[in-house]
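Student: Pasting in a structure now, in structure tokens, and then I'll have a few things to ask.
Number of protein chains: 2
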Amino acid sequence: MTPKSKNRKIEHGNAGQNGAPKIPQPTIERMSAYLQCVRGLIADGVATASSTEIAHSTGINAAQFRKDLSYFGEFGTPGLGYDVHELEAHLARIMGLDEARDVVLVGAGNLGAALSSYLGFPERGFRVVAVFDNDVKKVGEKLAGHAIHHINDIGKVNALLGAQVAVVAVPRAAAQEAVDKLVAAGVLAILNFAPTAILVRPGITVRNVDLTSEMEVLSYYLRAK
Amino acid sequence: MTPKSKNRKIEHGNAGQNGAPKIPQPTIERMSAYLQCVRGLIADGVATASSTEIAHSTGINAAQFRKDLSYFGEFGTPGLGYDVHELEAHLARIMGLDEARDVVLVGAGNLGAALSSYLGFPERGFRVVAVFDNDVKKVGEKLAGHAIHHINDIGKVNALLGAQVAVVAVPRAAAQEAVDKLVAAGVLAILNFAPTAILVRPGITVRNVDLTSEMEVLSYYLRAK
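Residue numbers (numbering that gives the first Met the number 0), protein chains in the order written: chain F, 0 to 224; chain H, 0 to 224.
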């Protein structure tokens, strides 16, 4: 276990930044689900949808949908259903998706390779702009078209790029050091695939994706069958 | 949107199988976090740990930890701390990790390649035993040492393998069909990476990992900074 300093805390995806509106994190997660649903409706040529229809498609109930949406002010006209294009723009604006986000990736292994070319990212405005690794042998090689830099150069490289988002796809043992370097280089939000708790100072947002933990949860339900 | 039949529902990771004990899903998710923490303690040579120590390492409070553990019967002696090896075995048994799980992977693309060689899986008893794709040109090729089969052959192949767990790493448009074939072939638990809601009949457990949604949630917190 890494020693913990007073200035750092384990983030479990709860941002809780000073001054940020107190919107429950599950609401934020559902907003993303609504957005995905609405994009599906647009792709299907649907023009308007009721909250019940959106709820049905997402598996979330209509009252919850309306409540979640109400955190962000009034939207839509009762009884008329939602114009799906307007709703898509509204949700995207709430989620800060109306501007593109540059992303730096740390970890040029198999998972890093998959993530750097993951179609879902550019499609929704996330663009990998640089790749880092702590293996000097990989430096100068390319990963999905991006030159691989040494992690120690992240400060210098990100001073030029100004990326605020990072994806960490390194082994457990290398994760905390990578995150510390990212934060020192100005990164504010991190998607962490290393299966370990990451310590960051307040103001930095971390989302952990622990694929093995997901498998373990599946295993539990298999066992119960 | 895919039409919904009466026998299928959108799974949001909630199993709710008949007869299974009513243990909250967040408890199951935290059990995996405790297990990870305890493994870290073992790796660090720690022999015993208090609930407060475990709580501190996971970022979850000690009372929650004790409550979660209490769902599965009595364990440990009050005031003595936990023997971490016993706790590890206890947690692993609860999660059904005391036996290895064979996993079939659908989708021989970049993400599938990364997942098939993802170290976290075999390390914790999950072993990819077969790979499937719907691209006939990939059939017969290898992915991380596994011959790629056509998805239409899954019934035949899994009749021999008997895998109950699947990882779905296909594009959105191919996901539902892949899942239907998996379920028909006897798969009971699915980790879905396709960014779309999957419909399955009751009794089938689906965990969705939507990487873009994770990025969107990060984006929200960036916007609020």
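Built from N, CA and C at the ideal position, the CB exists for glycine as well.
How would you list, in chain order, the residues of chain C whose beta-carbon sits under 7 Å from the beta-carbon of Leu160 of chain F?
Tutor: No chain C is present in this structure, whose protein chains are F and H.
Student: Within 8 Å (strictly less), CB to CB, does Leu190 of chain F reach chain H?
Tutor: With 8 Å as the cut-off, Leu190 of chain F counts as an interface residue toward chain H.
Student: Can you list, in chain order, the residues of its chain with a C-beta nearer than 6 Å to that of Leu96 of chain H? Leave out the 5 residues immediately preceding and following it.
Tutor: Correct list, in chain order: Gly124.
Student: Could you tell me whether any Cβ in chain F is nearer than 8 Å to the Cβ of Val164 of chain H?
Tutor: Yes, because at least one Cβ of chain F sits closer than 8 Å to the Cβ of Val164 of chain H.
Student: Under the three-state reduction of DSSP, which class applies to Asp152 of chain F: helix, strand or coil?
Tutor: In this structure, Asp152 of chain F counts as helix in the three-state DSSP scheme.
Student: What do you get for Lys141 of chain F, buried or exposed, if any count of 16 or more other CB atoms within 10 angstroms of its CB means buried?
Tutor: Looking at its Cβ environment, which holds fewer than 16 other Cβ atoms inside 10 Å, Lys141 of chain F is exposed.
Student: Got a sec? Which residues, its chain only, sit under 7 Å from Ala146 of chain F by beta carbon, not counting five neighbours each side?
Tutor: For Ala146 of chain F, where only same-chain residues beyond five positions count, the Cβ hits under 7 Å are Gly139.
Student: For His257 of chain H, write down the residues that DSSP places opposite it in a beta bridge.
Tutor: It is not possible to answer for residue 257 of chain H, since the shown part of chain H is limited to 0 through 224.
Student: Could you tell me which whole alpha helix (DSSP H) segments of length 4 or greater appear in the stretch 32–91 of chain H?
Tutor: Fully enclosed alpha helix (DSSP H) runs of 4 or longer: 50–57 and 61–69.
Student: What residues of chain H sit near Ala174 of chain F, judged by a beta carbon separation below 7 Å?
Tutor: Result: empty, since nearest Cβ-Cβ is about 12 Å, beyond 7 Å.
Student: When DSSP labels each residue in this structure, what does Val178 of chain H get in the three-state scheme?
Tutor: Correct three-state label for Val178 of chain H: helix.
Student: Rounded to the nearest angstrom, what separates Lys3 of chain H and Leu198 of chain H at their Cα positions?
Tutor: No answer about Lys3 of chain H holds up, because its pLDDT of 35 lies below 50 and its placement is not dependable.
Student: What number of angstroms, rounded off, separates the C-alpha of Val182 of chain H from the C-alpha of Gln175 of chain H?
Tutor: In a straight line, the C-alpha of Val182 of chain H is about 11 Å away from that of Gln175 of chain H.
Student: Could you check if Leu210 of chain H is buried or exposed, using at least 16 other CB atoms within 10 Å of its CB as the buried criterion?
Tutor: So Leu210 of chain H ends up on the buried side.
Student: Of all the residues that make up the stretch 113–144 of chain H, which are near chain F by a beta-carbon distance shorter than 9 Å?
Tutor: Going along the stretch 113–144 of chain H in chain order, one finds Ala113, Leu114, Ser115, Ser116, Tyr117, Leu118, Gly119, Phe120, Glu122, Arg123, Gly124, Phe125 and Ala143 with a Cβ nearer than 9 Å to chain F.
Student: For Gly78 of chain F, which of F:Asp43, F:Thr47, F:Arg29 and F:Ile27 has the nearest alpha-carbon?
Tutor: The shortest Cα separation from Gly78 of chain F among F:Asp43, F:Thr47, F:Arg29 and F:Ile27 belongs to F:Thr47.
Student: Give a yes or no on whether the minimum CB-CB distance between Ile197 of chain F and chain H is below 8 Å.
Tutor: Not closer than 8 Å to any Cβ of chain H, the Cβ of Ile197 of chain F fails to qualify, so no.
Student: DSSP three-state label for Arg126 of chain H, please.
Tutor: Arg126 of chain H: strand per DSSP, three-state reduction.
Student: Who are the neighbours of Asn60 of chain H on chain F, taking C-beta pairs under 8 Å?
Tutor: Those within 8 Å of Asn60 of chain H in chain F number zero; the least Cβ separation is about 12 Å.
Student: Work out the CA separation of Arg29 of chain F and Met94 of chain F for me, nearest whole Å.
Tutor: Rounded to the nearest angstrom, the two C-alpha atoms are 11 Å apart.
Student: Under a three-way DSSP split, which group does Phe120 of chain H fall into?
Tutor: Of the three classes helix, strand and coil, the one that applies to Phe120 of chain H here is helix, per DSSP.
Student: Would you call Leu90 of chain F buried or exposed, if buried means 16 or more other Cβ atoms sit within 10 Å of its Cβ?
Tutor: Label assigned to Leu90 of chain F: buried.
Student: Quick one: Cα of Ile22 of chain H to Cα of Tyr70 of chain H, how far?
Tutor: When rounded, the distance between both Cα atoms is 7 Å.
Student: Taking DSSP as the reference, what is the three-state secondary structure of Gly111 of chain F?
Tutor: Here Gly111 of chain F sits in helix by DSSP.
Student: How many angstroms separate the CA atom of Leu104 of chain H from the CA atom of Ala165 of chain H?
Tutor: Leu104 of chain H and Ala165 of chain H: Cα-Cα distance of roughly 6 Å.
Student: Taking only the alpha-carbon atoms, compute the straight-line gap between His149 of chain F and Ser212 of chain F and give it to the nearest angstrom.
Tutor: Taking the straight line from one Cα to the other gives about 29 Å.
Student: In chain H, which residues lie less than 7 Å from Gly95 of chain F when you measure between Cβ atoms?
Tutor: Near Gly95 of chain F (Cβ distances below 7 Å), the residues of chain H are Ser218, Tyr219, Leu221 and Arg222.
Student: Residues in the stretch 33–58 of chain H with C-beta within 8 Å of chain F's C-beta atoms, listed in sequence order?
Tutor: The residues in question are Leu34, Gln35, Cys36, Gly39, Leu40, Asp43, His55, Ser56, Thr57 and Gly58.
Student: Please check if any C-beta of chain F sits within less than 8 Å of the C-beta of Asn225 of chain H.
Tutor: No answer is possible for residue 225 of chain H: the residues shown for chain H start at 0 and end at 224.
Student: Can you look up Ala173 of chain H in the DSSP assignment and give me helix, strand or coil?
Tutor: It is helical.
Student: Would you mind reading off the limits of the beta strand (DSSP E) that contains Thr204 of chain H?
Tutor: Looking at the DSSP string, the run of the beta strand (DSSP E) that includes Thr204 of chain H is Thr204 to Asn207.
Student: Do you know how far the Cα of His55 of chain F is from the Cα of Ala32 of chain H?
Tutor: About 32 Å.
Student: Compile a chain-ordered list of the residues in the stretch 57–91 of chain H whose CB is closer than 7 Å to at least one CB of chain F.
Tutor: Hits within the stretch, in order: Thr57 and Gly58.
Student: Among the candidates F:Arg92, F:Ala61 and F:Val167, whose CA atom is the shortest distance from the CA of Gly72 of chain F?
Tutor: It is F:Arg92 whose Cα lies nearest to the Cα of Gly72 of chain F.
Student: State the Cα-Cα distance for the pair Ala172 of chain F and Gly202 of chain H, rounded to the nearest angstrom.
Tutor: Their Cα atoms are separated by approximately 37 Å.
Student: Check whether the Cβ of Arg206 of chain H lies closer than 8 Å to any Cβ atom in chain F.
Tutor: Chain F contact via Cβ: present.
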